[in-house]
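K.L.:
The opening residue of the sequence shown carries number -15 in my numbering; numbering runs sequentially from there. Got a structure here, written out as structure tokens. Questions coming.
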Amino acid sequence: MARPFSLLWSLLKLTVGILNLQMPELRGLWANCVPQRRRRSHASRRISTCDLSFVAPLRATLSDSEDYCQLPTSGTATPVAAGEDSEPYDDSERWLWSNELAAISVASTSPSRDTVFSTERPPMERASTIDPTWSPSASSYFGVSSQSLVFLQYYLERLCPVLVMMDAPTNPLRFLLPQSALSSPMLLHAVCAVSACHMLQTSTTTNSQLGLDAVGHYTHALNDLNKSLSNYKGLGGRPSEDILLTTVFLCKYEIVNGSTKMWKQHLVGLERLVNMWQSKFQEASEAGAFVQGFITYHSNIAKITDLAVDEMGHMNDSSHIEQPDKDKNSPRALDPYIGFTEYLLKAFASISLISRRIISARSCTLQIHEDIKTLEKKLASWKWSLKSYVVPDGVSPSNLQMLERVAEAYRFAAYIYLHSTLKTVNSEQPNRSGAYGDLLRAKDFGLPYSVEYAVQQCLDLAGEIPSGHGCESALLLPLFLAGCETNNVTHISVVVQRLMKMEQTIGIGNIKRAREVVQKVWCSAAEMGGKRHWKVILKDLGWDLILT
-15 MARPFSLLWS LLKLTVGILN LQMPELRGLW ANCVPQRRRR SHASRRISTC DLSFVAPLRA
45 TLSDSEDYCQ LPTSGTATPV AAGEDSEPYD DSERWLWSNE LAAISVASTS PSRDTVFSTE
105 RPPMERASTI DPTWSPSASS YFGVSSQSLV FLQYYLERLC PVLVMMDAPT NPLRFLLPQS
165 ALSSPMLLHA VCAVSACHML QTSTTTNSQL GLDAVGHYTH ALNDLNKSLS NYKGLGGRPS
225 EDILLTTVFL CKYEIVNGST KMWKQHLVGL ERLVNMWQSK FQEASEAGAF VQGFITYHSN
285 IAKITDLAVD EMGHMNDSSH IEQPDKDKNS PRALDPYIGF TEYLLKAFAS ISLISRRIIS
345 ARSCTLQIHE DIKTLEKKLA SWKWSLKSYV VPDGVSPSNL QMLERVAEAY RFAAYIYLHS
405 TLKTVNSEQP NRSGAYGDLL RAKDFGLPYS VEYAVQQCLD LAGEIPSGHG CESALLLPLF
465 LAGCETNNVT HISVVVQRLM KMEQTIGIGN IKRAREVVQK VWCSAAEMGG KRHWKVILKD
525 LGWDLILT
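Have a look at this one:
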């Protein structure tokens, strides 16, 4: 058997060589798609920038990481601030809302300045599954380049399972996006940009060509999007599905790349586009439902770390606390982004809004006090029912069980966030009246769980979800809050280990950014004698962190 396999392998390499000669655009790319022996790279050990000797159990966990605060090691390399922007953010690269669209108009066709491709990436645990037998000659039939087909196949096989909470044969990323992308050059460029960026993130070797491909496709998609928006009147007053889906993938590009700025502009633009054309936007369509789920999931989580004036939508107070009547009375489709967390996402947004209302009103009014109590009661009584959902075909009972674990982890994370919010508002307003402080004590609201108990529950539930499972990426939010708010060294060690594992198995850049903030919180404990709050650290960094 060895000789036939050797002959087959030689024939495959010869075929690839011929393709490289005939198709220069594939040179340097197709070779990455041929199965190779995995080579693991090890991040260089670095000297610590602060003393963390009091957290010795963390040494083994953090010593190999490249972040803002490295633990003492025997290495000789100098510390670096990985991922920190060296230049101020250029306002000319923001998305502007300067015309009657009040929506998307891009002043620059280049990726944001925080779109930087590092040459040091964590190794992937499984090799690429791209099928070299998928002949690039198919491009003559589809009318797209061979390179684009390679990126599209990578997207289908590698990215679809990790970009949503629930993967299934009916995952819109699988059955909806490819068809639309093959008929829309603009959307295809956006999908290829995400694939090339993820390939680069997970590559164990330096590949400058992938970086150029990612930026090139991103720029093409952005240019095409600007042209489409300029001609929006020709669309009959409503956005085409291509415009909405392209904006979704431009946002995804920034998240995959670990951007700390531009993802927010894309998400705000998407929200405003949908709101503008709400009367003509077909939410019942497959694309419409997908876009609405994307917005609900990302915008509600974005409110947790949004330190600016509330740009992420303008929902009123009650919309966060009460579920819509249609959701109560009839089963709804189980959304691949949201799973069973729909109400819990609104609870997170409600807590963020309550915090802003307190600061804005300069006091905790009776209405705010009642809203907090109402929210706590609903969290305590929350439970999901399978009867409330229409489960797509192909979703196994074990996958539903994993989604339940994620939802329970979100519920305990909401308690952690509520504790953190009450504590932070008190500490930031020391000169207010005694009644204000008394109203915001956690025990006065009857919170049933302490911070450490809620953290332990989050970690236990996360531990029940296997590494590499499709819904693992949804654990970023509860793991981040648990890691930042715990005072237990064992807990922080578990959190950082899991986040580092997720960087390897998922390969999305915002996971690394979240881990860097968690570690910086704990570095501050050593440097300043007490932990700095993660919101303070985000403000100092100037980061818009997304925990999706």
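The beta-carbon is built from N, C-alpha and C at its ideal position, and this holds for glycine as well.
(1) What three-state label does DSSP hand arginine 316 in the structure shown?
(2) Assuming cysteine 468 is part of the alpha helix (DSSP H), what are its boundary residues?
(3) Between the Cα of leucine 337 and those of Gln385, Trp366, Leu402 and Leu318, spot the shortest distance and give me the residue it belongs to.
(4) Below 7 Å between beta carbons: does that hold for tyrosine 542 and leucine 318?
(5) What does tyrosine 138 pair with, by DSSP beta-bridge criteria?
(6) Quick check: the stretch 354 to 369 against the stretch 325 to 339, are there 3 or more CB pairs under 8 Å?
(7) Do isoleucine 536 and valine 435 have their C-beta atoms within less than 7 Å of each other?
(8) Could you tell me the distance, in whole angstroms, from the CA atom of alanine 456 to the CA atom of glycine 513?
(9) Have a look at Phe396, Ala174 and Ser269 and flag the residue whose alpha-carbon is nearest the alpha-carbon of histidine 250.
(10) Quick one: measure Cβ to Cβ for leucine 209 and methionine 170, integer angstroms, because I've assumed they're closer than 8 Å.
(11) How would you label glycine 242, buried or exposed, when you count the other beta carbons within 10 angstroms and need 16 or more for buried?
(12) Under 8 Å, with one C-beta from each stretch per pair, do the stretch 129 to 143 and the stretch 377 to 389 reach the 3-pair mark?
(13) Helix or strand or just coil, what does DSSP make of tyrosine 281?
(14) In this structure, how does DSSP classify valine 374 when only helix, strand and coil are distinguished?
(15) Please determine, among Ala446, Trp247, Ala180 and Glu360, the residue with the shortest C-alpha to C-alpha distance to glutamine 131.
(16) Rank Lys519, Ser269, Leu229 and Thr289 by C-alpha distance to the C-alpha of phenylalanine 278 and give the top, closest one.
(17) Assign asparagine 383 to one of three DSSP states: helix, strand, or coil.
(18) Is glutamine 503 buried or exposed, if buried means 16 or more other CB atoms sit within 10 Å of its CB?
(19) Going by Cα to Cα distance, which pick from Val258, Leu460 and Leu370 is closest to glycine 323?
(20) Going by DSSP, what residue range makes up the alpha helix (DSSP H) through tryptophan 518?
(21) If you count every other CB in all the chains shown that lies within 10 Å of the CB of alanine 446, and 16 or more means buried, which is it?
(22) Short of 7 Å in beta carbon distance, which residues of its chain neighbour histidine 453, apart from the five on each side in sequence? Order them along the chain.
(23) Would you mind sorting tyrosine 437 into buried or exposed? The rule is 16 or more other CB atoms within 10 Å of its CB.
P.N.:
Considering the structure as presented:
(1) Along the sequence shown, read from residue 1 onward, the residue named residue 316 stands at position 332. If DSSP states are grouped into helix, strand and coil, arginine 316 belongs with the strands.
(2) Here residue 468 refers to the residue found at position 484 when the sequence shown is read from its first residue. Cysteine 468 -> alpha helix (DSSP H) spans 460 to 469.
(3) If you number the sequence shown from 1, residue 337 lands on position 353. It is Leu402 whose Cα lies nearest to the Cα of leucine 337.
(4) With the chain covering -15 to 532 only, the question about residue 542 has no answer from this structure.
(5) Position 154 of the sequence shown, counted from the start, is the residue given in the question as residue 138. DSSP output for tyrosine 138 lists no bridge partner at all.
(6) yes
(7) Here the chain covers residues -15 to 532 and nothing more, so residue 536 does not appear.
(8) Here residue 456 refers to the residue found at position 472 when the sequence shown is read from its first residue. Here residue 513 refers to the residue found at position 529 when the sequence shown is read from its first residue. Looking at the sequence provided, one finds glutamate at residue 456 rather than alanine. Approximately 34 Å between the Cα atoms of the pair.
(9) What you label residue 250 is simply residue 266 of the sequence shown in a count that begins at 1. Nearest of Phe396, Ala174 and Ser269 to histidine 250, Cα basis: Ala174.
(10) Within the sequence shown, the letter at position 225 stands for residue 209. Within the sequence shown, the letter at position 186 stands for residue 170. That belief holds up - the Cβ atoms of leucine 209 and methionine 170 are roughly 6 Å apart, short of 8 Å.
(11) Counting from one through the sequence shown, the residue named residue 242 turns up at place 258. Buried.
(12) no
(13) Here residue 281 is taken as the residue at index 297 of the sequence shown, counted from 1. Helix at tyrosine 281.
(14) As a first step, residue 374 is located in the sequence shown; it is residue number 390 there, counting from the start. Note: valine 374 maps to strand in three-state DSSP.
(15) As a first step, residue 131 must be located in the sequence shown, where it is residue number 147. Glutamine 131 has its Cα closest to that of Ala180, out of Ala446, Trp247, Ala180 and Glu360.
(16) Translated into the one-based positions of the sequence shown, residue 278 becomes position 294. For phenylalanine 278, the nearest C-alpha among the options comes from Leu229.
(17) As a first step, residue 383 is located in the sequence shown; it is residue number 399 there, counting from the start. In the structure shown, asparagine 383 sits in a helix (DSSP, three-state: H, G or I).
(18) Sequence index remark: in the sequence shown, residue 503 carries index 519 (1-based). Its Cβ being crowded by 16 or more others within 10 Å, glutamine 503 is buried.
(19) Walking along the sequence shown from the start, residue 323 turns up at place 339. Minimum Cα distance to glycine 323 is reached at Leu370.
(20) Mapped onto the sequence shown, residue 518 falls at position 534. From DSSP, the alpha helix (DSSP H) with tryptophan 518 extends over 518 to 525.
(21) Along the sequence shown, read from residue 1 onward, the residue named residue 446 stands at position 462. Buried, by the Cβ-count rule.
(22) For the purposes of this step, residue 453 is identified with residue 469 of the sequence shown, where counting begins at 1. So the qualifying residues of the chain are Met386.
(23) As a first step, residue 437 must be located in the sequence shown, where it is residue number 453. Tyrosine 437 is exposed by the Cβ-count criterion.
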